[in-house]
Amino acid sequence: MTDPDLAVRTADERASLIGFVEDQRLQIERLAGDLSEDEARASLVPSLTTVLGLLKHATFVEKVWFETRIEGRTRAEAGLPESVDESFTLSDADTLAGALADFRTACERSRRILAEVDLDDTVSARMGEVSVRWILLHLIREYARHAGHADILREQLRARR
11 MTDPDLAVRT
21 ADERASLIGF
31 VEDQRLQIER
41 LAGDLSEDEA
51 RASLVPSLTT
61 VLGLLKHATF
71 VEKVWFETRI
81 EGRTRAEAGL
91 PESVDESFTL
101 SDADTLAGAL
111 ADFRTACERS
121 RRILAEVDLD
131 DTVSARMGEV
141 SVRWILLHLI
151 REYARHAGHA
161 DILREQLRAR
171 R
(Lines of atoms letter the chains of each structure in order from A; the text may use other names.)
(Lines give C-alpha, C1' and ligand atoms only; values in the text may rest on other atoms or scores of the structure.)
Protein backbone atom coordinates (compact mmCIF):
# COMPACT_ATOMS: atom_id res chain seq x y z
CA MET A 11 0.00 0.00 0.00
CA THR A 12 1.29 3.45 -0.91
CA ASP A 13 1.61 6.13 1.76
CA PRO A 14 -0.62 8.96 0.42
CA ASP A 15 1.67 11.78 1.53
CA LEU A 16 4.99 10.13 0.62
CA ALA A 17 5.38 12.32 -2.47
CA VAL A 18 4.87 15.57 -0.55
CA ARG A 19 7.11 14.97 2.44
CA THR A 20 10.01 16.84 0.83
CA ALA A 21 8.15 18.76 -1.89
CA ASP A 22 8.00 22.51 -2.17
CA GLU A 23 5.15 24.42 -0.55
CA ARG A 24 2.82 24.46 -3.55
CA ALA A 25 3.20 20.76 -4.27
CA SER A 26 2.78 19.94 -0.59
CA LEU A 27 -0.42 21.97 -0.25
CA ILE A 28 -1.87 20.55 -3.44
CA GLY A 29 -0.89 17.04 -2.36
CA PHE A 30 -2.74 17.42 0.93
CA VAL A 31 -5.79 18.91 -0.84
CA GLU A 32 -5.80 15.99 -3.27
CA ASP A 33 -5.62 13.52 -0.40
CA GLN A 34 -8.63 15.18 1.25
CA ARG A 35 -10.50 15.18 -2.07
CA LEU A 36 -9.90 11.44 -2.23
CA GLN A 37 -11.34 11.09 1.29
CA ILE A 38 -14.44 12.98 0.14
CA GLU A 39 -14.77 10.66 -2.88
CA ARG A 40 -14.70 7.70 -0.52
CA LEU A 41 -17.54 9.02 1.68
CA ALA A 42 -20.22 6.85 0.17
CA GLY A 43 -18.19 3.64 0.11
CA ASP A 44 -20.62 0.74 0.16
CA LEU A 45 -23.65 2.74 1.26
CA SER A 46 -27.01 2.35 -0.42
CA GLU A 47 -28.84 5.41 -1.74
CA ASP A 48 -31.19 5.27 1.25
CA GLU A 49 -28.29 5.06 3.71
CA ALA A 50 -26.52 7.99 2.03
CA ARG A 51 -29.70 10.07 2.45
CA ALA A 52 -30.31 8.99 6.06
CA SER A 53 -30.67 11.87 8.49
CA LEU A 54 -29.01 10.78 11.73
CA VAL A 55 -28.33 14.17 13.30
CA PRO A 56 -30.54 17.24 13.82
CA SER A 57 -28.79 19.23 11.07
CA LEU A 58 -28.96 18.83 7.28
CA THR A 59 -25.86 16.63 7.41
CA THR A 60 -26.12 13.35 5.50
CA VAL A 61 -23.42 11.46 3.65
CA LEU A 62 -24.94 12.47 0.30
CA GLY A 63 -25.36 16.04 1.56
CA LEU A 64 -21.69 16.17 2.53
CA LEU A 65 -20.70 15.07 -0.96
CA LYS A 66 -22.94 17.73 -2.51
CA HIS A 67 -21.55 20.34 -0.12
CA ALA A 68 -17.97 19.46 -1.12
CA THR A 69 -18.87 20.26 -4.74
CA PHE A 70 -20.28 23.58 -3.54
CA VAL A 71 -17.01 24.29 -1.67
CA GLU A 72 -14.91 23.60 -4.78
CA LYS A 73 -17.06 25.85 -6.92
CA VAL A 74 -17.31 28.68 -4.38
CA TRP A 75 -13.56 28.97 -3.89
CA PHE A 76 -12.30 28.27 -7.38
CA GLU A 77 -15.08 29.35 -9.71
CA THR A 78 -16.56 32.28 -7.82
CA ARG A 79 -13.66 33.59 -5.74
CA ILE A 80 -10.65 32.93 -7.97
CA GLU A 81 -12.28 32.89 -11.40
CA GLY A 82 -14.78 35.66 -10.57
CA ARG A 83 -18.02 33.99 -11.70
CA THR A 84 -21.25 34.67 -9.83
CA ARG A 85 -22.89 31.91 -7.85
CA ALA A 86 -25.68 31.84 -10.43
CA GLU A 87 -23.16 31.41 -13.25
CA ALA A 88 -21.53 28.55 -11.33
CA GLY A 89 -24.94 26.96 -10.66
CA LEU A 90 -24.66 27.42 -6.91
CA PRO A 91 -27.24 28.18 -4.24
CA GLU A 92 -26.89 31.42 -2.30
CA SER A 93 -26.59 29.82 1.13
CA VAL A 94 -24.32 27.16 2.56
CA ASP A 95 -27.28 25.30 4.07
CA GLU A 96 -28.83 24.89 0.63
CA SER A 97 -25.69 23.05 -0.50
CA PHE A 98 -26.59 20.20 1.89
CA THR A 99 -30.25 20.03 0.79
CA LEU A 100 -31.18 16.92 -1.15
CA SER A 101 -33.67 16.68 -3.99
CA ASP A 102 -35.35 13.51 -5.26
CA ALA A 103 -33.03 13.63 -8.28
CA ASP A 104 -29.82 13.52 -6.20
CA THR A 105 -27.91 10.24 -6.35
CA LEU A 106 -24.54 9.08 -5.09
CA ALA A 107 -23.27 8.50 -8.61
CA GLY A 108 -24.45 11.91 -9.77
CA ALA A 109 -23.02 13.72 -6.73
CA LEU A 110 -19.69 11.93 -7.11
CA ALA A 111 -19.54 12.81 -10.82
CA ASP A 112 -20.35 16.45 -10.01
CA PHE A 113 -17.60 16.53 -7.35
CA ARG A 114 -15.02 15.05 -9.72
CA THR A 115 -15.97 17.53 -12.45
CA ALA A 116 -15.71 20.45 -10.01
CA CYS A 117 -12.30 19.23 -8.81
CA GLU A 118 -11.02 18.97 -12.39
CA ARG A 119 -12.10 22.54 -13.08
CA SER A 120 -10.52 23.66 -9.78
CA ARG A 121 -7.22 22.05 -10.79
CA ARG A 122 -7.22 23.96 -14.08
CA ILE A 123 -7.98 27.24 -12.31
CA LEU A 124 -5.34 26.59 -9.65
CA ALA A 125 -2.71 25.96 -12.32
CA GLU A 126 -3.12 29.57 -13.47
CA VAL A 127 -2.59 31.33 -10.11
CA ASP A 128 0.16 31.77 -7.55
CA LEU A 129 -0.11 30.96 -3.85
CA ASP A 130 0.37 34.64 -3.00
CA ASP A 131 -2.45 35.82 -5.30
CA THR A 132 -5.37 37.18 -3.30
CA VAL A 133 -9.11 37.21 -3.83
CA SER A 134 -11.99 38.85 -2.07
CA ALA A 135 -14.04 36.72 0.32
CA ARG A 136 -16.70 37.39 2.97
CA MET A 137 -13.97 37.80 5.61
CA GLY A 138 -11.83 40.07 3.43
CA GLU A 139 -8.85 39.37 1.21
CA VAL A 140 -7.48 35.82 1.31
CA SER A 141 -4.56 34.23 -0.52
CA VAL A 142 -4.74 31.17 -2.71
CA ARG A 143 -2.50 29.56 -0.07
CA TRP A 144 -5.19 30.23 2.55
CA ILE A 145 -7.86 28.73 0.27
CA LEU A 146 -5.87 25.50 -0.04
CA LEU A 147 -5.35 25.33 3.72
CA HIS A 148 -9.05 26.01 4.23
CA LEU A 149 -9.98 23.15 1.88
CA ILE A 150 -7.73 20.76 3.81
CA ARG A 151 -9.35 21.81 7.08
CA GLU A 152 -12.93 21.71 5.77
CA TYR A 153 -12.62 18.40 3.94
CA ALA A 154 -10.89 16.72 6.89
CA ARG A 155 -13.70 17.87 9.18
CA HIS A 156 -16.42 16.68 6.79
CA ALA A 157 -14.72 13.34 6.17
CA GLY A 158 -14.73 12.88 9.96
CA HIS A 159 -18.44 13.69 10.07
CA ALA A 160 -19.05 11.11 7.35
CA ASP A 161 -17.02 8.49 9.24
CA ILE A 162 -19.29 8.91 12.26
CA LEU A 163 -22.43 8.75 10.11
CA ARG A 164 -21.11 5.62 8.39
CA GLU A 165 -20.47 3.98 11.78
CA GLN A 166 -24.05 4.73 12.79
CA LEU A 167 -25.39 3.35 9.51
CA ARG A 168 -23.33 0.15 9.75
CA ALA A 169 -24.60 -0.37 13.29
CA ARG A 170 -28.17 -0.38 11.90
CA ARG A 171 -27.48 -3.24 9.45
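All residue numbers in the sequence shown are consecutive under my numbering, ending with 171.
From the three backbone atoms N, C-alpha and C, an ideal C-beta is built for every residue, glycine too.
Boundaries of the beta strand (DSSP E) in which residue i is found, first to last residue
i	result
valine 140	138-141
Where residue i sits in the DSSP three-state scheme
i	result
histidine 156	helix
glutamate 49	helix
threonine 78	helix
aspartate 95	helix
aspartate 161	helix
arginine 19	coil
arginine 88	Per the sequence shown, residue 88 should be read as alanine rather than arginine. Correct three-state label for alanine 88: coil.
Buried or exposed (CB count within 10 angstroms, at least 16 for buried), residue i
i	result
leucine 36	exposed
arginine 170	exposed
glutamine 34	buried
glutamine 166	exposed
threonine 20	exposed
isoleucine 80	buried
leucine 82	Correcting the residue type first, residue 82 is glycine in the shown sequence and not leucine. Glycine 82 comes out exposed.
Enclosing alpha helix (DSSP H) for residue i [first to last residue]
i	result
threonine 69	61-72
valine 31	23-39
Checklist entry - Of all the alpha helix (DSSP H) runs that stay within the bounds of the region 104-144, which reach a length of 4 or more residues? => result 106-124
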